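Remarks on the structure that follows.
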């Protein structure tokens, strides 16, 4: 049987988003500042910290500025329409200080979503494009963490700092046969975790799929002989 794979559907539209590189990092100071002191609550997230000095600022007529400071790295930037269709996306491998102005004058008026995906967390900010301006409402920004998979020998743990207080569904597959070996549902707690013992499963590759807050994450692990 074919290997189990999970793919994110990606749909793009043919329109231009004009990017103006602005080298003046001192202008247009932060409207949105995120201070994630809760990161220290979960030991499993130590060593996975992302840049948190981010700024998203309306800059004038139908444009906004995105600044990622402190040498941000491994950041996916996506602009989606109200239906979740990805209109623009960019990946920043980093480390780099990122500062750009996005001109969205080619888009129709309406509601959009700007998504920043870091290695351990997501930021989502609603963007309203009006006839002559862009509206960014700081109070509507959502931020949440991703599940983290850690392996030590034949023991594998999945941990989540559950700031959204939503359920986490964990599925474990044999990567070669696609057989579902385990399904777990964790609910409610701020700090959630599950450990899996692969000592009796035998050597090989296994796929851990995690469903949380409407998104799917997956990671392949290898158990040696």
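Residue numbers (our numbering): 63 to 287.
Beta carbons: idealized from backbone N, C-alpha and C, even for Gly.
Since this is a predicted model, take the numbers as computed values, not measurements.
Item                                                                                                                                                                       : Value
Can residue 220 and residue 276 be called in contact, C-beta distance under 8 Å?                                                                                           : no
Per DSSP, which residues does residue 179 bridge with? Please list them.                                                                                                   : 138, 184
Return the chain-ordered ranges of every beta strand (DSSP E) run that is complete within the segment 212–262 and spans a minimum of 3 residues.                           : 217–223, 230–236, 242–248, 253–259
Give me whichever residues DSSP pairs with residue 266 in a beta bridge.                                                                                                   : 285
So is residue 142 buried or exposed if we call it buried at 16+ other beta carbons inside 10 Å?                                                                            : buried
Just to confirm my understanding: we take residue 91, look at its own chain, exclude 5 residues before and 5 after, and list those with CB closer than 6 Å. What are they? : Here residue 91 scores only 28 on pLDDT, less than 50, and its place in the model is too uncertain to base an answer on.
What residues are listed by DSSP as bridge partners for residue 278?                                                                                                       : 273
If you follow the beta strand (DSSP E) that residue 288 is part of, which residue opens it and which one closes it?                                                        : Beyond the ends of the chain as shown, which are 63 and 287, falls residue 288; an answer cannot be given.
Identify whether residue 201 lies in helix, strand or coil by the three-state DSSP scheme.                                                                                 : helix
Under DSSP, the beta strand (DSSP E) around residue 158 begins and ends at which residues?                                                                                 : 158–165
Quick one: grab the DSSP three-state call for residue 174.                                                                                                                 : strand
If you draw a straight line from the C-alpha of residue 265 to the C-alpha of residue 209, how long is it?                                                                 : 24 Å
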